[in-house]
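In terms of this note's numbering, the sequence shown opens at residue 217 and continues consecutively.
Contents: one structure, followed by commentary.
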Amino acid sequence: MKIDFIDLIQRFRVLIGGLYITTTLLILFGTLMPGSNLPEYQVFNYDKLVHAGAFMAWTLATGITWRAFQPKRASLNVLIVAPLLFGVGIEILQGILPTNRSPEWMDIVFDALGTFLGLLIYLLLLRIKDQSERVKSEH
217 MKIDFIDLIQ RFRVLIGGLY ITTTLLILFG TLMPGSNLPE YQVFNYDKLV HAGAFMAWTL
277 ATGITWRAFQ PKRASLNVLI VAPLLFGVGI EILQGILPTN RSPEWMDIVF DALGTFLGLL
337 IYLLLLRIKD QSERVKSEH
């Protein structure tokens, strides 16, 4: 028995929505936490890779969550603009809020890189799903 990707997303949409909100809050917490509260040790010494990875995951989550609540494919505009605005908004907040954090242009660059990687993965998943449906309809 083959599992239908879209059907699976539809069945678990409440869970997916909750995970999406949780992911969003974790990114906000991690990026807006006061600099003095950051741990002395770092699991990742590569801050920019963390930015790219977080935004790759968030963009992929945006596409999957959109698909869970809207049966139509997410517009590429949504999958590009929403994460980019989110990243820019975070950097603006870092400059405004008294968190002892400062905005960095390179964070935005790596947020954008992660966004495009997440978009590529999302589109690849849809392509695999479409090919699977074509094979299924041929048999």
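Even glycine gets a Cβ: it sits at the ideal position worked out from N, Cα and C.
{"Asked": "Environment of residue 279 [buried if 16+ CB atoms lie within 10 Å]", "Found": "buried"}
{"Asked": "Validate contact between the region 231-249 and the region 294-301 using beta carbons, cut 8 Å, 3 pairs", "Found": "no"}
{"Asked": "Spatial distance of residue 241 from residue 223 (CA atoms)", "Found": "27 Å"}
{"Asked": "Straight-line gap, residue 260 to residue 281 (C-alpha atoms, nearest Å)", "Found": "Reliability of the predicted coordinates at residue 260 is poor, the pLDDT of 49 falling under 50, and no value is obtained from them."}
{"Asked": "Beta-carbon proximity check, residue 317 vs residue 269, cutoff 7 Å", "Found": "no"}
{"Asked": "Between the CA atoms of residue 319 and residue 308 - distance to the nearest angstrom", "Found": "7 Å"}
{"Asked": "8 Å contact criterion, which residue 303 and residue 337 should meet: CB distance rounded", "Found": "No, residue 303 and residue 337 are not in contact; Cβ-Cβ is about 17 Å, not under 8 Å."}
{"Asked": "Under 7 Å between C-beta atoms of residue 298 and residue 239", "Found": "no"}
{"Asked": "DSSP three-state assignment for residue 317, whether helix, strand or coil", "Found": "coil"}
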